[in-house]
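Visitor: Taking my numbering, I'd label the letters of the sequence shown as residues 21 to 269.
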Amino acid sequence: MPKTFDHNVRRIAYDQTPGEGPGVVFLGGFKSDKEGTKALDLEAWARQQGRAYLRFDYSGHGMSSGDFLDGSIGDWTEDAHAILEAMTQGPQVLVGSSMGGWIALLLARTIPARVAGLVTIAAAPDFTEDGYWATFDESEKAMLLTEGRVERPSEYDDSPYIITRKLIEDGRKRLVLRDPLPLPFPVRFLQGTADTAVSTETAVRLLDHATGPDMRLTLVKDADHRFSTPECLLMIRRAVEEVIQRSNR
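#1: Going by DSSP in three states, K58 sits in which element: helix, strand or coil?
#2: Three or more C-beta pairs under 8 Å: does that hold for the region 62-73 against the region 87-102?
#3: If you drop the 5 nearest sequence neighbours on each side, which residues of the same chain put their C-beta closer than 6 Å to that of H245?
#4: Using a Cβ distance threshold of 8 Å, determine whether the region 156-169 contacts the region 103-116, with at least three qualifying pairs required.
#5: Work out the CA separation of P250 and A128 for me, nearest whole Å.
#6: Quick one, which of P233, T155, P38 has its alpha-carbon nearest R208's?
#7: Among the residues of its own chain, which have a CB less than 7 Å from the CB of S248, if the five just before and after it don't count?
#8: For chain B, check one thing: does any of its Cβ atoms lie closer than 8 Å to the Cβ of P206?
#9: Tell me whether A66 sits in a helix, a strand or coil according to DSSP, three-state version.
#10: According to DSSP, is E131 helix, strand or coil?
#11: When the Cα atoms are used, what is the spatial distance from H229 to L195?
#12: Among residues of its own chain, excluding the 5 on either side of R75, which ones have a beta-carbon nearer than 6 Å to its beta-carbon?
#13: What does the Cβ neighbour count give for E260, buried or exposed, with the cut at 16 atoms within 10 Å?
#14: Name the residue from V135, R192, V139, T130 whose alpha carbon lies nearest to the alpha carbon of F147.
#15: Which residue marks the beginning of the alpha helix (DSSP H) containing Q265, and which one marks its end?
#16: Cβ of F147 within 7 Å of any heavy atom in the ligand SAH?
#17: Can you tell me whether DSSP reads T108 as helix, strand or coil?
#18: Which term fits E84, buried or exposed, when burial requires 16 or more other beta carbons within 10 angstroms of its beta carbon?
#19: Name the residue from H101, S52, T37 whose alpha carbon lies nearest to the alpha carbon of G70.
#20: Less than 6 Å between C-beta atoms, sequence neighbours within five positions excluded: which residues of the same chain meet that for M235?
#21: What are the uninterrupted segments assigned as alpha helix (DSSP H) that are 4 or more residues long and contained completely in the region 137-172, given in chain order?
#22: Just verifying my parser: in three-state terms, what is the DSSP assignment at H27?
#23: Just verifying my parser: in three-state terms, what is the DSSP assignment at D13?
#24: So, G48 versus A72, is the Cβ gap smaller than 8 Å?
#25: Who are the Cβ neighbours of A154 in its own chain at under 7 Å, not counting the five residues just before and after it?
#26: Figure out for me which residue from V139, P111, T140 has the closest Cα to the Cα of A133.
#27: Quick one: grab the DSSP three-state call for F50.
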């Protein structure tokens, strides 16, 4: 059974593996949870390596309290910040998948001393603005402003994504591709070329925009947004290992 951590009025569910540092913290994606393939594969790797590891559910996700539709990028970043500060010691390697990549970048910007390195998988920085708002037609924008929500189909779920006005307006305050983004530690961006949710153009834009002494983008031919084939999982583990090794230099 997962443990829970109380943060303000939110109860955050998490699973933690004890071990050596720097620890690894997995940050999941939009509407995903800590039981996903990538999160569990990294946990198995961490146990084998004796590496400290933490995976958790944002509020409104998985086993954590709250309603998903009440959440926002700011809320979920606060969840991540709070559990990182409470449950880990010293710099951590952040592994952010999709939206988790955006949240990892926000943490790297606000608490760089707690970040030993960064690995992102199909990172989706600023997706509320560039992925949703920018593609809404005038009727969708009007509906969002008047009714507070718009439905968009999901290729991963039978039920549609409900995009709230709060999500869009809060996301607008958390954009990372408009202002300087220093990443002063080892960084590995992983991106599939067959990803229909996050484009390779977004990955290249992030690489071009961020600054840092040790940053690489790997494009994987025909890999999709899930990035969960055995080959992709191995690539994630190797990226984490490389970041840990280089962060210890």
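Cβ atoms here follow ideal geometry from the backbone N, Cα and C, with glycine treated the same way.
Fair warning: this is a prediction, and the values are worked out from it, not measured in the lab.
Guide: According to the structure shown:
#1: In this structure, K58 counts as helix in the three-state DSSP scheme.
#2: Touching, no, given that fewer than three Cβ pairs across the two stretches are closer than 8 Å.
#3: Only A142, D215, A217 meet the Cβ criterion.
#4: no
#5: 29 Å
#6: Check the Cα spacing between R208 and each of P233, T155, P38: the tightest is with P233.
#7: T57, K58
#8: Absent from the structure: chain B. Only one protein chain is present.
#9: helix
#10: The question names Glu, but residue 131 in the sequence shown is Ile. Correct three-state label for I131: coil.
#11: 12 Å
#12: Cβ neighbours of R75 beyond the five flanking positions: D35, F46, K54, A59.
#13: It is Val, not Glu, that sits at residue 260 in the sequence shown. By the neighbour-count rule (16 or more Cβ atoms within 10 Å), V260 is buried.
#14: R192
#15: 250-267
#16: This structure lacks the ligand SAH, and indeed carries no ligand of any kind.
#17: coil
#18: For the sequence presented, residue 84 should be read as Ser rather than Glu. Buried, because 16 or more other Cβ atoms sit within 10 Å of the Cβ of S84.
#19: T37
#20: Closer than 6 Å at Cβ, skipping near neighbours: V207.
#21: Under the rule that a run must span 4 or more residues, the alpha helix (DSSP H) segments found entirely inside the region 137-172 read 158-167.
#22: strand
#23: Nothing in the structure corresponds to residue 13, since the chain is present only between 21 and 269.
#24: no
#25: none
#26: P111
#27: coil
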